[in-house]
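Visitor:
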Amino acid sequence: MEEKLRELEAQRLVILAEQKKYNKRAIPFFVIGAIGFLLGIAFPDTGALFMVIGFVLIIIGAIVASIGYKHIAQFNQMFKSNLITSLLKANYDNVTYEPKGHIPLDVFLKTGLTRKPDRWRGEDFISGEKNGVKFQVSEFHLEDRHVRRDSKGNTYVTYETFFKGRFFMFEFKRIFKHDLRISEKGLLNISFNNFGLKKIETESIAFNKKFSVLTGDDQHAFYIITPVMLEEIQRIERLFKGTIALLFQGNRLYVAINDNKNTLEPNIKVPLTGQSLDYYLVDILIMQEMIHAFDLDGSKFMEIHEWVISVI
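Those letters in the sequence shown? Residues 6 to 317, per the numbering used here, in order.
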């Protein structure tokens with residue numbers, strides 16, 4: 006790990022220097038191009054040529070600057086394929102990491118933890134196993150399409166983000182007959198369909214104020230959300246700046262975290278040291294943290310007792 010870190014740090018320094026070099030080369034094109042635009046505005050009768058020259062120079066500047074950013078994209082790819090993959094394999098079994106892959110969107114939508122987007126993208130697919138609990142994770146960026154028309158009949162299309170975060174799937178051995186859905190109140194990204202579930206309240210007033218609980222069976226719900234589970238859900242929620250929603254269904258737990266964060270992305274300006282890895286470990290160890298917090302590797306979820314299943 007230390008050797009990989011040193012190699013990546015050396016590459017980071019080279020690429021950062023290259024980016025700065027191309028940025029400096031692009032600055033004169035941007036400056037002269039901006040002057041051309043200003044001259045065109047100042048002299049509207051004869052400034053058309055200045056406007057054209059300014060536009061061309063700005064385009065050239067953008068092309069020059071993009072060459073430097075192309076090197077950054079290559080560094081990001083090396084960072085993920087080497088360092089992130091190594092960190093994942095050091096903490097989980099049977100790891101697969103595909104930076105450009107994702108969980109199928111339909112899987113996410115069927116949970117009702119989000120609504121259907123007009124435009125979307127996914128990345129950073131991870132699958133692995135911890136203490137017998139299998140999991141899959143990927144990032145999603147979901148957007149709504151908005152169309153606006155002005156008084157002159159011109160049409161403007163914009164896209165607004167309503168979910169940007171991670172979607173988790175944990176698979177355990179026990180299969181439960183009833184669904185249990187837990188979500189923070191006021192979530193705008195969640196589906197409005199209750200899927201035939203009814204609302205219940207827990208014994209925690211603080212939890213009831215912050216979360217909404219829907220279930221297909223009261224006994225099943227209270228079997229899962231014990232006082233300890235309520236505390237752990239609130240603790241996990243506090244780890245993120247955004248909102249959280251959970252669904253226990255069959256032998257899976259689905260978790261959606263909408264925190265407007267793009268995880269596992271390196272910052273080319275930050276030196277790669279052992280201490281800087283802590284920033285990435287938070288997002289890598291969260292799967293382990295959830296498995297432990299919700300006791301997914303404990304007897305309640307991993308041991309199959311026919312009498313329990315028949316009751317639940």
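Where is the CB? At the ideal position from N, CA and C, for every residue including glycine.
So, residue 93 versus residue 296, is the Cβ gap smaller than 8 angstroms?
Guide: Locating residue 93 in the sequence shown gives position 88, counting from the first residue. Locating residue 296 in the sequence shown gives position 291, counting from the first residue. It is not a contact, given that the beta carbons lie outside the stated cut-off.
Visitor: CB residue 279 to CB residue 265, shorter than 8 angstroms?
Guide: Indexing the sequence shown from 1 puts residue 279 at position 274. Indexing the sequence shown from 1 puts residue 265 at position 260. No, they are not a contact pair.
Visitor: For the beta strand (DSSP E) that residue 170 lies in, which residues bound it at each end?
Guide: Within the sequence shown, residue 170 is the residue found at index 165, counting from 1. Run containing residue 170: 160-176, per the beta strand (DSSP E) assignment.
Visitor: How would you write the range of the beta strand (DSSP E) that residue 216 sits in, first residue to last?
Guide: Locating residue 216 in the sequence shown gives position 211, where the first residue counts as 1. Counting along the chain, the beta strand (DSSP E) containing residue 216 begins and ends at 216-220.
Visitor: Based on the DSSP secondary-structure assignment, which residues constitute the bridge partners of residue 74?
Guide: Here residue 74 refers to the residue found at position 69 of the sequence shown. DSSP, once it has assigned bridges, lists no residue as partnering residue 74.
Visitor: Alpha carbons only, please: which of 79, 65 and 210 is nearest the one belonging to residue 13?
Guide: The sequence position of residue 13 within the sequence shown is 8, counting from 1. Nearest of 79, 65 and 210 to residue 13, Cα basis: 79.
Visitor: Who are the near neighbours of residue 136 in its chain, counting only those whose CB is closer than 6 angstroms to its CB and skipping five residues on each side?
Guide: For the purposes of this step, residue 136 is taken as residue 131 along the sequence shown, with counting starting at 1. If we look at residue 136 and ignore the five residues flanking it on each side, its Cβ neighbours are 302.
Visitor: Under a Cβ-count criterion, where at least 16 other Cβ atoms within 10 Å of its own Cβ denotes burial, should residue 85 be classed as buried or exposed?
Guide: Locating residue 85 in the sequence shown gives position 80, where the first residue counts as 1. When all chains shown are included, residue 85 counts as buried.
Visitor: For residue 129, does the count of other Cβ atoms within 10 angstroms reach 16, so buried, or fall short, so exposed?
Guide: Sequence index remark: in the sequence shown, residue 129 carries index 124 (1-based). Looking at its Cβ environment, which holds 16 or more other Cβ atoms inside 10 Å, residue 129 is buried.
Visitor: From residue 316 to residue 182, what distance separates their C-alpha atoms?
Guide: Along the sequence shown, read from residue 1 onward, the residue named residue 316 stands at position 311. Along the sequence shown, read from residue 1 onward, the residue named residue 182 stands at position 177. A caution first: residue 316 carries a pLDDT of 43, below 50, which makes its placement in the model unreliable, though a value can still be read off. Distance between the alpha carbons of residue 316 and residue 182: 9 angstroms.
Visitor: Taking DSSP's pairing of strands, which residues face residue 254 in a bridge?
Guide: Your numbering for residue 254 matches position 249 in the sequence shown. DSSP lists 257 as partners of residue 254.
Visitor: Should residue 133 be labelled buried (16 or more other beta-carbon atoms within 10 Å of its own) or exposed?
Guide: For the purposes of this step, residue 133 is taken as residue 128 along the sequence shown, with counting starting at 1. Its Cβ being crowded by 16 or more others within 10 Å, residue 133 is buried.
Visitor: Where does residue 279 sit, in a helix, a strand or coil, going by DSSP?
Guide: The sequence position of residue 279 within the sequence shown is 274, counting from 1. Looking at residue 279 - three-state DSSP - the assignment turns out to be coil, as it is neither helix nor strand.
Visitor: Can you give me the Cβ contacts of residue 90 inside the same chain, cut-off strictly under 8 angstroms, excluding the 5 residues immediately before and after it?
Guide: As a working note, residue 90 is residue 85 in the sequence shown. Closer than 8 angstroms at the Cβ level, and outside the excluded window around residue 90, lie 100 and 102.
Visitor: Which residues share a DSSP beta bridge with residue 149?
Guide: Your numbering for residue 149 matches position 144 in the sequence shown. In DSSP, residue 149 forms a bridge with 165.
Visitor: Report the rounded CA-to-CA distance for residue 112 versus residue 58, giving the unit in angstroms.
Guide: Residue numbering aside, residue 112 sits at position 107 when the sequence shown is read from its first letter. Residue numbering aside, residue 58 sits at position 53 when the sequence shown is read from its first letter. Their backbone Cα atoms lie some 51 angstroms apart in a straight line.
Visitor: Within the continuous alpha helix (DSSP H) that includes residue 204, where are the two ends?
Guide: Locating residue 204 in the sequence shown gives position 199, where the first residue counts as 1. Where residue 204 is concerned, there is no enclosing alpha helix (DSSP H), although the beta strand (DSSP E) it sits in stretches over 203-205.
Visitor: To which residues does DSSP link residue 102 through a beta bridge?
Guide: On the sequence shown, residue 102 is found 97 positions in, with the first residue counted as 1. DSSP output for residue 102 lists 131 as bridge partner(s).
Visitor: Any idea if residue 311 is buried or exposed, counting beta-carbon neighbours within 10 angstroms, 16 or more meaning buried?
Guide: Walking along the sequence shown from the start, residue 311 turns up at place 306. Residue confidence for residue 311 is low, a pLDDT of 47 falling below 50, so the modelled location carries little weight and cannot support an answer.
Visitor: For residue 67, does the count of other Cβ atoms within 10 angstroms reach 16, so buried, or fall short, so exposed?
Guide: Locating residue 67 in the sequence shown gives position 62, counting from the first residue. Answer is exposed; the Cβ neighbour count stays below 16.
Visitor: Please determine whether the Cβ atom of residue 248 lies at a distance below 7 angstroms from any heavy atom of the ligand GDP.
Guide: Here there are no bound small molecules, and the ligand GDP is not part of this structure.
Visitor: Do residue 215 and residue 189 have their C-beta atoms closer together than 8 angstroms?
Guide: As a working note, residue 215 is residue 210 in the sequence shown. As a working note, residue 189 is residue 184 in the sequence shown. Taking 8 angstroms as the Cβ cut-off, residue 215 and residue 189 qualify as a contacting pair.
Visitor: Check each candidate in 36, 82 and 72 and name the one with the smallest Cα separation from residue 61.
Guide: The residue you call residue 61 lines up with position 56 of the sequence shown. Of 36, 82 and 72, the residue nearest in Cα terms is 36.
Visitor: Once DSSP output is grouped into helix, strand and coil, what is the label at residue 140?
Guide: By one-based count along the sequence shown, residue 140 stands at place 135. Of the three classes helix, strand and coil, the one that applies to residue 140 here is strand, per DSSP.
Visitor: Examine the Cβ distances between the stretch 226-245 and the stretch 135-152 and report whether three or more of them are shorter than 8 angstroms.
Guide: no
Visitor: Going by CA-CA distance only, name the one from 18, 47, 309 and 117 that's closest to residue 179.
Guide: By one-based count along the sequence shown, residue 179 stands at place 174. Of the listed residues, the one whose Cα sits closest to residue 179 is 309.
Visitor: Report the three-state DSSP secondary structure of residue 313 (helix, strand or coil).
Guide: Here residue 313 corresponds to residue number 308 of the sequence shown, with the count starting at 1. Note that residue 313 has pLDDT 45, beneath the 50 cutoff, so the model's placement of it is unreliable and the number below is only indicative. Correct three-state label for residue 313: helix.
Visitor: Can you have a look at residue 141 and say buried or exposed, based on whether 16 or more other CB atoms are within 10 angstroms of its CB?
Guide: Position 136 of the sequence shown, counting from 1, holds the residue named residue 141. With 16 or more Cβ atoms within 10 Å of its Cβ, residue 141 is classed as buried.
Visitor: Determine the extent of the alpha helix (DSSP H) in which residue 13 is found, giving its start and end residues.
Guide: Residue numbering aside, residue 13 sits at position 8 when the sequence shown is read from its first letter. Note, residue 13: alpha helix (DSSP H), 7-47.
Visitor: Would you check if the distance between the CB atom of residue 31 and the CB atom of residue 70 is smaller than 8 angstroms?
Guide: Within the sequence shown, numbered from 1, the residue matching residue 31 stands at position 26. Within the sequence shown, numbered from 1, the residue matching residue 70 stands at position 65. Contact: yes.
Visitor: Contact defined as beta carbons within less than 8 angstroms: I believe residue 77 pairs with residue 24. What is the distance between those atoms, to the nearest angstrom?
Guide: For the purposes of this step, residue 77 is taken as residue 72 along the sequence shown, with counting starting at 1. For the purposes of this step, residue 24 is taken as residue 19 along the sequence shown, with counting starting at 1. Contact holds; Cβ gap of about 6 angstroms.
Visitor: List the residues that DSSP assigns as beta-bridge partners of residue 154.
Guide: Taking the sequence shown and counting its residues from 1, one reaches residue 154 at position 149. Answer by DSSP bridge pairing, in chain order: 160.
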